[in-house]
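Participant: Before anything else, here's the structure in question.
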Amino acid sequence: MFESPRWVRISALVAGVALMLLVPFYADTFWMQAGLFAIAAAIGAIGLNLLTGATGQLSLGHAFFLAVGAYGYVYFASESDNHFVGLGLPTPVAAILAVLLAGLVGGIFSPIAGRLKGTYLGIATLALIFIGQHILSNAESVTGSHNGRQVPPLDLGFLVFDDSPELVVANVPLGAFERLWFLALILLVISAWVARGVLRGRPGRALNTIRDHEIAAGVMGVPVARYRAAVFVLSSMYAGLAGVILALVFRQTVPDYFGIILALDYLAMIVIGGLGTVAGAMIGAVFITLLPQVLTRYSDGLPLVAAPGSGGFSPAEAARIIYGAAVVAVVLFLPGGLFGMWTRIRLAVAARRHRAV
Amino acid sequence: MTKFIELVVNGLSVGSVYALIALGFVIIFKATEVVNFAHASLLLVGGYITAVFHDDIGFLPALAAGMLTAAVVGMLVEFLVLRRGRTSDHGVLAIVTIGVDILLTTELVRRIGTDVLDLGDPWGSQSVTFAGITIPQTRIAALLVATVLITAFLLAFRYTTWGVAMRAAAEDSETASLMGIKLSRVSLGAWAVAGALAAVAALFLTVFPTPGLDRNTSLVALKAFPAAILGGLDSTTGALVGGLIVGLTESLATGYQDQLHFLGHGLSGVAPYVVMVLILLARPAGLFGTRELTRV
Numbered sequence: 344m345f346e347s348p349r350w351v352r353i354s355a356l357v358a359g360v361a362l363m364l365l366v367p368f369y370a371d372t373f374w375m376q377a378g379l380f381a382i383a384a385a386i387g388a389i390g391l392n393l394l395t396g397a398t399g400q401l402s403l404g405h406a407f408f409l410a411v412g413a414y415g416y417v418y419f420a421s422e423s424d425n426h427f428v429g430l431g432l433p434t435p436v437a438a439i440l441a442v443l444l445a446g447l448v449g450g451i452f453s454p455i456a457g458r459l460k461g462t463y464l465g466i467a468t469l470a471l472i473f474i475g476q477h478i479l480s481n482a483e484s485v486t487g488s489h490n491g492r493q494v495p496p497l498d499l500g501f502l503v504f505d506d507s508p509e510l511v512v513a514n515v516p517l518g519a520f521e522r523l524w525f526l527a528l529i530l531l532v533i534s535a536w537v538a539r540g541v542l543r544g545r546p547g548r549a550l551n552t553i554r555d556h557e558i559a560a561g562v563m564g565v566p567v568a569r570y571r572a573a574v575f576v577l578s579s580m581y582a583g584l585a586g587v588i589l590a591l592v593f594r595q596t597v598p599d600y601f602g603i604i605l606a607l608d609y610l611a612m613i614v615i616g617g618l619g620t621v622a623g624a625m626i627g628a629v630f631i632t633l634l635p636q637v638l639t640r641y642s643d644g645l646p647l648v649a650a651p652g653s654g655g656f657s658p659a660e661a662a663r664i665i666y667g668a669a670v671v672a673v674v675l676f677l678p679g680g681l682f683g684m685w686t687r688i689r690l691a692v693a694a695r696r697h698r699a700v
Numbered sequence: 142m143t144k145f146i147e148l149v150v151n152g153l154s155v156g157s158v159y160a161l162i163a164l165g166f167v168i169i170f171k172a173t174e175v176v177n178f179a180h181a182s183l184l185l186v187g188g189y190i191t192a193v194f195h196d197d198i199g200f201l202p203a204l205a206a207g208m209l210t211a212a213v214v215g216m217l218v219e220f221l222v223l224r225r226g227r228t229s230d231h232g233v234l235a236i237v238t239i240g241v242d243i244l245l246t247t248e249l250v251r252r253i254g255t256d257v258l259d260l261g262d263p264w265g266s267q268s269v270t271f272a273g274i275t276i277p278q279t280r281i282a283a284l285l286v287a288t289v290l291i292t293a294f295l296l297a298f299r300y301t302t303w304g305v306a307m308r309a310a311a312e313d314s315e316t317a318s319l320m321g322i323k324l325s326r327v328s329l330g331a332w333a334v335a336g337a338l339a340a341v342a343a344l345f346l347t348v349f350p351t352p353g354l355d356r357n358t359s360l361v362a363l364k365a366f367p368a369a370i371l372g373g374l375d376s377t378t379g380a381l382v383g384g385l386i387v388g389l390t391e392s393l394a395t396g397y398q399d400q401l402h403f404l405g406h407g408l409s410g411v412a413p414y415v416v417m418v419l420i421l422l423a424r425p426a427g428l429f430g431t432r433e434l435t436r437v
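Take a look at the structure:
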């Protein structure tokens, strides 16, 4: 397959990261928050793409593992008081434990996941969403039920991810969102790098073989059951990490957010971006997360989009209709998603250049 | 004991409605091997049309219009979307139906808004008391109508040319096609029947004691998924049994929620899913589903 020379790829990556590092110095709060949602979604979507895209295990329950991460962090990090219980651990420890907890819950579910195939698995994971919602609204002392629960800010000792104490760099005050932005970016780069390593190496080939032909994979010596369980745990941990970041951005977690709509959003992300690739998951996550925000911000100037309640399409509805259509269109016309389209364009350009030489 | 019997009758009635939905789901799967996640939105289409037209043209014509619209929408989904899919991977086609579902549900929920629509059914809130047991008329109607429809469907499935074509296509689509069965017509038919059944189910999901058709009706319809799955995706018998199990579970969990208080509020919403997971643990292909036997 065509690949740019190594120095081109590395300098593009460096330029991209440098550009992203500059964002907090220019963007306003609205875009900072939207961007943080997009980064969190990208991490979650990478995890789902490992499971559904690369291994072919349909999951409608990704939102549940996000909830485990978010509420796990809140539980581990908060102190107990009259209303709520918590362990009051140092916040970085709580964040790591929350990710591990998501993995553990994924591991507990994996005997079920390992026995079921295709649609059966998809609908069994749908059960996770409803069971999760039930627990979230009933275990009030842990989750705060419908009112949600406040999220303690992450405190690394030398840096607190909160608006105070004040921190000014180059005349720009860096509040909670700005500081979280840098953290989330680092986590995203690590997550993407790990997932890329998994997909490009031996495990990735094994996972793809399981997706394409499970029996053949078994015949060729791939421990199918173990890989399926492992990828389920890994994907849950990605979701857990995304959940922790989301909780830190929200500062107040509410159960309603982690419902079936969120789970479908994540599926839409990986389909639109491109199944089975890290870049595809990230593109899809940015698309699905930013679309409603962009429509909300610019709804005045757009035809057909109107303020909520005025009879037209509200920005959120317009966004859902656009990406519902995008899911259908991508599968019909763009196998490989947006990222696949990008790859094909690059290949075509390279082929033409090759001929010219 | 009276309470128990009432709950069981209620459960059977609601269960028969779930069975109607699950049956459509299973028919589509048998005919095309595609899992239709847009099923809940077909149901919403049927219910919405019935609700909008019943004032002008009367209840029965409106119901017929609802069934017809849902059937046509189902056929359009098959014809315009699934048939054009450039993939033979049924998992990917299932995700396409999720896209279709998002489209249809968003538009319908936007139209419904915060209203609770009445479907204009003739039964209202009356109930029948027989030997000390009180059952709402709507529940009896649901049970009767669902039984008649399901019986009619199963007879057609067994004895008509259409049914034979459908079963042949499900058994071995390539051979069926060589024998002169038009597969495209079979799958169009499956989607039409499934849509019409879903529209009838929409009626009975929204009549008394439920307040009416609102934006959450499609969430209620989602319970037909566990029904279809726990019975076995490729089994019509399974859809019926699955529907009844889900209905009974839900009804009993609602009726005995005081005794089951330790499991939390709103247990009836989650109980069907728990039962499904437990059944799938024991039988991964559902109660009546075909097990894929592979040996390595």
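As you go down the protein sequences, you meet chains W and Y in turn. Our numbering puts the first residue of the first sequence at 344, with every later residue one more than the last. Our numbering puts the first residue of the second sequence at 142, with every later residue one more than the last. Note that CB positions come from ideal geometry on N, CA and C, so glycine has one too. It should be emphasised that the depicted structure is a prediction, and the values quoted were computed from it without experimental measurement.
Please return the same chain residues whose Cβ sits closer than 6 Å to the Cβ of Ala368/Y, not counting the five positions on each side in sequence.
Facilitator: Closer than 6 Å at Cβ, skipping near neighbours: Tyr159, Ala163, Gly383, Gly384, Val387.
Participant: Indicate whether at least one CB of chain Y lies closer than 9 Å to the CB of Met344/W.
Facilitator: Residue placement at Met344/W is flagged as unreliable, the pLDDT there being 46, under the threshold of 50; the coordinate-derived value follows with that caveat. Taking Cβ atoms only, chain Y never reaches closer than 9 Å to Met344/W, which makes this a no.
Participant: Since I believe Ala358/W is in contact with Ala628/W (beta carbons under 8 Å), could you give me their beta-carbon distance rounded to a whole number of angstroms?
Facilitator: Contact flag wrong, Cβ pair sits at about 21 Å.
Participant: How big is the Cα-Cα spacing for Ala622/W and Leu422/Y?
Facilitator: C-alpha separation (whole angstroms): 35 Å.
Participant: Grouping DSSP H, G and I as helix and E and B as strand, with all else coil, what is Pro566/W?
Facilitator: Coil.
Participant: At which residues does the alpha helix (DSSP H) containing Ile389/W begin and terminate?
Facilitator: Note, Ile389/W: alpha helix (DSSP H), 372-391.
Participant: Given a cut-off of 9 Å, decide if Leu183/Y and Gly215/Y are closer than it, judged by their beta-carbon atoms.
Facilitator: Yes, Cβ-Cβ distance for Gly215/Y and Leu183/Y is below 9 Å.
Participant: Using a Cβ-Cβ cut-off of 8 Å (strictly less than) and excluding sequence neighbours within five positions of Gly226/Y, which residues of its own chain qualify?
Facilitator: Cβ neighbours of Gly226/Y beyond the five flanking positions: Val233, Leu234, Val237.
Participant: Taking its Cβ as the centre, do 16 or more other Cβ atoms sit within 10 Å of Ala272/Y, making it buried, or is it exposed?
Facilitator: Ala272/Y comes out exposed.
Participant: Does the contact criterion of 3 or more C-beta pairs under 8 Å hold for the segment 373-381 of chain Y versus the segment 398-415 of chain Y?
Facilitator: The segment 373-381 of chain Y, when compared against the segment 398-415 of chain Y, does not touch it at the 8 Å Cβ threshold.
Participant: If you count every other CB in all the chains shown that lies within 10 Å of the CB of Val576/W, and 16 or more means buried, which is it?
Facilitator: The residue in question, Val576/W, is buried, as its Cβ has 16 or more Cβ neighbours within 10 Å.
Participant: What residue range does the beta strand (DSSP E) around Thr270/Y cover?
Facilitator: Segment 268-271, the beta strand (DSSP E) holding Thr270/Y.
Participant: If you measure from the beta carbon of Pro454/W to each beta carbon in chain Y, is any gap under 9 Å?
Facilitator: Closer than 9 Å to some Cβ of chain Y, the Cβ of Pro454/W qualifies, so yes.
Participant: With DSSP as the reference, label Leu610/W as helix, strand or coil.
Facilitator: Helix at Leu610/W.
Participant: Figure out for me which residue from Thr395/W, Glu422/W, Leu443/W, Tyr416/W has the closest Cα to the Cα of Ala437/W.
Facilitator: Answer by Cα proximity: Tyr416/W.
Participant: Would you kindly report the start and end of the unbroken beta strand (DSSP E) that includes Thr275/Y?
Facilitator: Residues 274-277.
Participant: Enumerate in chain order the residues of its own chain whose CB-to-CB distance from Leu605/W is below 6 Å, with the five nearest sequence positions on each side excluded.
Facilitator: Only Ala406 meet the Cβ criterion.
Participant: Going by C-alpha distance, which of Gly491/W, Ile455/W, Ser423/W, Tyr581/W is nearest Ala527/W?
Facilitator: Nearest option by C-alpha distance: Tyr581/W.
Participant: Measuring straight from C-alpha to C-alpha, what distance separates Tyr300/Y and Ile420/Y?
Facilitator: Spanning the two alpha carbons is a distance of roughly 32 Å.
Participant: Given 8 Å as the limit, is there contact between the segment 678-689 of chain W and the segment 256-274 of chain Y, that is, 3 or more CB pairs closer than that?
Facilitator: With a cut-off of 8 Å, the segment 256-274 of chain Y and the segment 678-689 of chain W do not count as touching, because too few Cβ pairs lie within range.
Participant: Starting from the C-beta of Gln493/W, find all residues in its chain whose C-beta is less than 6 Å away, skip the five residues before and the five after it, and write them out in chain order.
Facilitator: Only Gln595 meet the Cβ criterion.
Participant: Rounded to the nearest angstrom, how far is the Cβ of Asn392/W from that of Ile615/W, given a contact under 8 Å?
Facilitator: Their Cβ separation, rounded to whole angstroms, is 11 Å, which puts Asn392/W and Ile615/W out of contact at 8 Å.
Participant: Quick test of your reading: Thr434/W and Leu497/W, contact by CB under 8 Å. State the CB separation rounded to the nearest angstrom.
Facilitator: Correct: roughly 5 Å between the Cβ atoms.
Participant: Would you mind working out which of Val442/W, Ser642/W, Arg522/W sits nearest Thr372/W, comparing C-alpha positions?
Facilitator: That would be Arg522/W, whose Cα lies nearest to the Cα of Thr372/W.
Participant: Using beta carbons (cut-off 9 Å, strictly below), is Ile451/W in contact with chain C?
Facilitator: The question asks about chain C, but that chain is absent: this structure's protein chains are W and Y.
Participant: What is the DSSP secondary structure of Gln476/W, reduced to helix, strand or coil?
Facilitator: Residue state, collapsed to three classes: helix.
Participant: Of all the residues that make up the segment 662-674 of chain W, which are near chain Y by a beta-carbon distance shorter than 8 Å?
Facilitator: Listed by position along the chain: Arg663, Ile664, Tyr666, Gly667, Ala668, Ala669, Val670, Val671, Val674.
Participant: Under 7 Å Cβ-Cβ, which residues of chain Y neighbour Leu610/W?
Facilitator: Those within 7 Å of Leu610/W in chain Y are Ile236, Ile239.
Participant: Helix, strand or coil, according to DSSP, for Asp197/Y in the structure here?
Facilitator: Asp197/Y: helix per DSSP, three-state reduction.
Participant: Cutting at 7 Å between CB atoms, please list the residues of its own chain near Arg663/W, excluding the five before and the five after it.
Facilitator: Around Arg663/W: no qualifying Cβ.
Participant: On a CA-only basis, which of Val167/Y, Ala342/Y, Leu381/Y, Val361/Y is nearest Tyr414/Y? Give me that one, please.
Facilitator: Cα-wise, what sits closest to Tyr414/Y is Val361/Y.
Participant: Could you tell me the alpha carbon to alpha carbon distance between Asp242/Y and Phe145/Y, rounded to whole angstroms?
Facilitator: If I take the Cα positions, the gap works out to 37 Å.
Participant: I need the straight-line Cα distance from Ala585/W to Val286/Y, nearest angstrom please.
Facilitator: Going from the Cα of Ala585/W to the Cα of Val286/Y covers about 48 Å.
Participant: Any idea which residues DSSP pairs Leu258/Y with across the strands?
Facilitator: Paired residue(s): Leu354/Y.
Participant: Applying the criterion that 16 or more other CB atoms from any shown protein chain within 10 Å of the CB defines a buried residue, is Asn490/W buried or exposed?
Facilitator: By the 10 Å Cβ count, Asn490/W comes out exposed.
Participant: Mind checking if Glu422/W is an interface residue toward chain Y, Cβ cutoff 9 Å exclusive?
Facilitator: So no, Glu422/W is outside the interface.
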